[in-house]
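I have placed the structure first, in the form of structure tokens, so that the comments after it can refer back to it.
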Amino acid sequence: MALLRGLREHGIDVTALSARRPLAPHERDLVNGAGPPADLPVELMEVPAPRQGWATRAQMLMRPNGYLSRGPFGARVRELAKQADLLHLEQLHSGWCDLGSSVPAVVHVHHLTRLDRRAPAPWDRELFGFTMLRASERLIALRHRYLVASSSVVAQTLRRLALGREVHVAPLSLEPSRYAQAPLDGPPVAGLIGTATWPPTRAAIERLVSTVWPLVRREVPEATLRIAGRGTDRLRLNDLDGVVVVGEVPSAAAFLHGLSLLLYPAPIGSGMKVKVLESIACGLPVVTTEFGAEGIAAGDGVVVERDDAELAAAAVSLLRDEVERRQRARAGRQAFLELYTPKVATEPLVDLYRRMLEAG
Numbered sequence: 046m047a048l049l050r051g052l053r054e055h056g057i058d059v060t061a062l063s064a065r066r067p068l069a070p071h072e073r074d075l076v077n078g079a080g081p082p083a084d085l086p087v088e089l090m091e092v093p094a095p096r097q098g099w100a101t102r103a104q105m106l107m108r109p110n111g112y113l114s115r116g117p118f119g120a121r122v123r124e125l126a127k128q129a130d131l132l133h134l135e136q137l138h139s140g141w142c143d144l145g146s147s148v149p150a151v152v153h154v155h156h157l158t159r160l161d162r163r164a165p166a167p168w169d170r171e172l173f174g175f176t177m178l179r180a181s182e183r184l185i186a187l188r189h190r191y192l193v194a195s196s197s198v199v200a201q202t203l204r205r206l207a208l209g210r211e212v213h214v215a216p217l218s219l220e221p222s223r224y225a226q227a228p229l230d231g232p233p234v235a236g237l238i239g240t241a242t243w244p245p246t247r248a249a250i251e252r253l254v255s256t257v258w259p260l261v262r263r264e265v266p267e268a269t270l271r272i273a274g275r276g277t278d279r280l281r282l283n284d285l286d287g288v289v290v291v292g293e294v295p296s297a298a299a300f301l302h303g304l305s306l307l308l309y310p311a312p313i314g315s316g317m318k319v320k321v322l323e324s325i326a327c328g329l330p331v332v333t334t335e336f337g338a339e340g341i342a343a344g345d346g347v348v349v350e351r352d353d354a355e356l357a358a359a360a361v362s363l364l365r366d367e368v369e370r371r372q373r374a375r376a377g378r379q380a381f382l383e384l385y386t387p388k389v390a391t392e393p394l395v396d397l398y399r400r401m402l403e404a405g
């Protein structure tokens, strides 16, 4: 939504098509009323997950990670492209959707599997999917003249994959109106939010609860750690000392407002992390690693450390010291307002669009 608003603030006429998997009954209440605002031109299409079987595997071999380009969704993209000057393909899942279209296309890459995950063992059933994701990254990079990355780290890898194609950097953005200042008062509470099945998030949670959090609790025994996000309720962490598993939440901003800081010891992961961007948007200080802070220039709003003891010490300092907590919160929010609001963050994209149209 922030991307669309930013482009419209620059005077660009945008029509958006978004894929959504069919919702399970228990998910409908969570997303009820959470669709695109009425003032944004977004068309939602439900796209079921690909069926398992040899036919699907054969399609993946010919067009890795290209299920969105097939069927009604791909047809709708090609139909809309006939009335457009260019196509913006958001994330690699949509990177094949310009097949059959003659208009210039750019792919916006948020992260890369080859940087986010280690290869599964040869006997692991996940190996095929992992291999197809890596193949899609290389093939989509090779077949597009224009690529955009959310961070310089992702951009550097894309340049190697794309063999000389144009790779630009444009940050993600958020709408400020959705992120009020967190109160930062009450008892000391650290937190982490993310999808537990996503390997970088799972690795961060495992590191947090096994090594970093025990060090924090030793110094601040009254502190609480809250963990939220899809799939976290299946991790069986509630028995750990001072840990509360919230599970899936309807609003990340509301969850962040109940914290004293975001504690995100990411040991791996590429691209900008939305949880970190949302935290500084809320004026919530962050303690993380270089992976968690990738692509986000938040100044003193984000504390970056490497080893477990340093991460824990930074968290302890923020939990104990309200003055430091509020100073870092102000610095992070100010950086967000200056760099990651819709119009500012989309300026690199608008410049690229102009170059694409001039090049023909």
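In my numbering, the protein residues as written are 46 to 405.
Don't be surprised by glycine CBs; every beta carbon is placed ideally from N, CA and C.
Inter-residue CB distance, residue i and residue j (contact presumed, cutoff 8 Å)
| i | j | result |
| --- | --- | --- |
| L394 | A268 | Between A268 and L394 the Cβ distance is about 41 Å, and since that is not below 8 Å, they are no contact. |
| L219 | A83 | Contact doesn't hold; Cβ gap of about 20 Å is too wide. |
| D130 | L402 | 6 Å |
| A150 | L134 | 6 Å |
Residue i beta carbon near the ligand MN (any heavy atom closer than 7 Å)
| i | result |
| --- | --- |
| M401 | In the structure on display, the ligand MN does not appear, and there are no ligands present to speak of. |
Extent of the continuous beta strand (DSSP E) run through residue i
| i | result |
| --- | --- |
| R65 | A61 to R65 |
| A249 | Note, A249: premise wrong, no beta strand (DSSP E); alpha helix (DSSP H) at P244 to R252. |
| T269 | T269 to A273 |
| M401 | Where M401 is concerned, there is no enclosing beta strand (DSSP E), although the alpha helix (DSSP H) it sits in stretches over E392 to A404. |
| L192 | Y191 to A194 |
| E220 | Premise fails: E220 is in no beta strand (DSSP E) and is neither H nor E. |
| A349 | Before going further, note that residue 349 is Val rather than Ala in the sequence given. Here the beta strand (DSSP E) through V349 covers V347 to V349. |
Cβ-Cβ distance between residue i and residue j below 8 Å
| i | j | result |
| --- | --- | --- |
| A380 | A343 | yes |
| V347 | V319 | no |
| R123 | L62 | no |
| L206 | E171 | no |
| Y224 | E323 | yes |
| G316 | G340 | yes |
| V214 | A227 | no |
| L85 | L49 | yes |
| F300 | G236 | yes |
| L306 | V288 | no |
Same chain, Cβ closer than 7 Å to residue i, neighbours up to 5 away in sequence not counted
| i | result |
| --- | --- |
| V361 | V261, E264 and V265 |
| R190 | R210 and E211 |
| L157 | E182, V199, T202 and S315 |
| R371 | L229 |
| V148 | A126, A129, D130, L131 and L132 |
| A94 | R66 |
Element boundaries [alpha helix (DSSP H), containing residue i]
| i | result |
| --- | --- |
| I238 | Run containing I238: none in the alpha helix (DSSP H); it sits in the beta strand (DSSP E), V234 to I238. |
| E88 | Here E88 belongs to no alpha helix (DSSP H); instead the beta strand (DSSP E) covers V87 to E91. |
| T333 | Where T333 is concerned, there is no enclosing alpha helix (DSSP H), although the beta strand (DSSP E) it sits in stretches over V331 to T333. |
| V198 | S197 to A207 |
| V321 | V319 to A326 |
| P426 | An answer regarding residue 426 cannot be provided, because it is not within the stretch 46 to 405 covered by the chain. |
| R121 | G116 to A126 |
| A360 | D353 to R365 |
| R53 | A47 to E54 |
Cβ neighbours of residue i in the same chain (closer than 8 Å, five flanking residues each side left out)
| i | result |
| --- | --- |
| A241 | R247, I250, G274, R275, G276, T277, R279 and L280 |
| L384 | P216, A342 and A390 |
| D353 | R252, T256, V257, L260 and P310 |
Close beta carbons around residue i, own chain, < 6 Å, minus the five adjacent residues each side
| i | result |
| --- | --- |
| E91 | R65 and P67 |
| R159 | R179 |
Could you name each continuous alpha helix (DSSP H) segment of 4 residues or more that falls completely within the segment 285-311, going from the start of the chain to the end? 297-301
Contained alpha helix (DSSP H) runs [length at least 4] in the segment 132-162, N- to C-terminal order: 158-161
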